[in-house]
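Data block below; observations after.
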Amino acid sequence: MLGYITLGTNNFDKAAAFYDALLAELGGARMMESDTFVAWSSGGTNGCAVSITKPFDGKSASVGNGVMFALAADSAELVDKVYARAIELGGTSEGEAGPRGDSGFHAGYFRDLDGNKLNVFFMPGTD
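So this is what it looks like as structure tokens:
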């Protein structure tokens, strides 16, 4: 049901490099781009996409309090790898990768270079 999510950025080139490297870990690649916008998907133009943009109104991008988006991984090991890559790329931890509860849910929480909150997760039986 979700088509895409867009995050504002105040440093377009650094954000694009961060997401190029991070989303490649999940099989993502650029599917659309312009001077002010880049979108990545692992399913071509029909898959859900993650995008960054310079705000249309010309004002500074800001972070939504309580807003987060989650990136699905196909294993707990991939969650650990993507979380570690986010931190390596300059992201900040919001909760180390690991199991949450006893349902098999495995997640890592982090913020990107602009302060947007993300999560990478694996839930058995959802791949």
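If you count the sequence shown from 1, position 104 lands on 88 in the numbering used here, and the numbers rise without skipping.
Backbone N, C-alpha and C define an ideal beta-carbon position, used for all residues, glycine too.
Using the rule of at least 16 other Cβ atoms within 10 Å of the residue's Cβ for burial, across every protein chain shown, is residue i buried or exposed?
i	result
Asp96	buried
Lys101	buried
Ala13	exposed
Val51	exposed
Do residue j and residue i count as a contact pair if the criterion is CB distance below 7 Å?
i	j	result
Leu(-14)	Ile36	no
Trp24	Leu6	no
Leu33	Tyr(-12)	Note that residue 33 is Ala in the sequence shown here, rather than Leu. Result yes, Cβ atoms of Ala33 and Tyr(-12) sit closer than 7 Å.
Gly75	Phe94	yes
Val63	Gly88	no
Phe(-4)	Lys38	yes
Val22	Ala0	yes
Can you check which of these residues, the options, is closest to residue i by C-alpha distance?
i	options	result
Glu61	Met52, Gly109 and His90	His90
Val151	Gly48, Ala0 and Gly82	A question about residue 151 goes unanswered here, because the residues of the chain that appear run from -15 up to 111.
Gly85	Thr76, Met107, Ser77 and Glu72	Met107
Gly27	Leu10, Asp19, Lys38 and Glu17	Leu10
Phe53	Gly99, Gly109, Asp4 and Ala1	Gly99
Starting from residue i and walking both ways along the alpha helix (DSSP H), at which residues does that stretch end?
i	result
Phe2	Phe(-4) to Ala8
Ala60	Ala60 to Glu72
Tell me where the beta strand (DSSP E) around residue i begins and ends.
i	result
Pro39	That residue, Pro39, is in no beta strand (DSSP E); it is neither H nor E in DSSP.
Ser77	Thr76 to Pro83
Ala45	From DSSP, Ala45 is part of no beta strand (DSSP E); its letter is neither H nor E.
Asn103	Lys101 to Phe106
Ala54	Met52 to Ala56
Gly(-8)	Tyr(-12) to Gly(-8)
Gly27	Note, Gly27: premise wrong, no beta strand (DSSP E); not H, not E.
Using 6 Å as the cut-off, classify the Cβ of residue i as near or not near the heavy atoms of the ligand NAP, replying yes or no.
i	result
Leu97	The model on display carries no ligand, and the ligand NAP is accordingly not part of it.
Quick one: residues in its chain with C-beta nearer than 7 Å to the C-beta of residue i, no 5 flanking neighbours on either side, listed in chain order?
i	result
Ser59	Phe106
Asn(-6)	Ser44, Ala45 and Asp98
Glu78	Tyr93, Phe94, Arg95 and Lys101
Looking only at its chain, what residues have a beta carbon closer than 6 Å to the beta carbon of residue i, apart from the 5 residues adjacent to it on each side?
i	result
Gly31	Ser25
Leaving out the 5 sequence neighbours to the left and right, which residues in its chain are closer than 8 Å to residue i when beta-carbon positions are compared?
i	result
Lys65	Glu9
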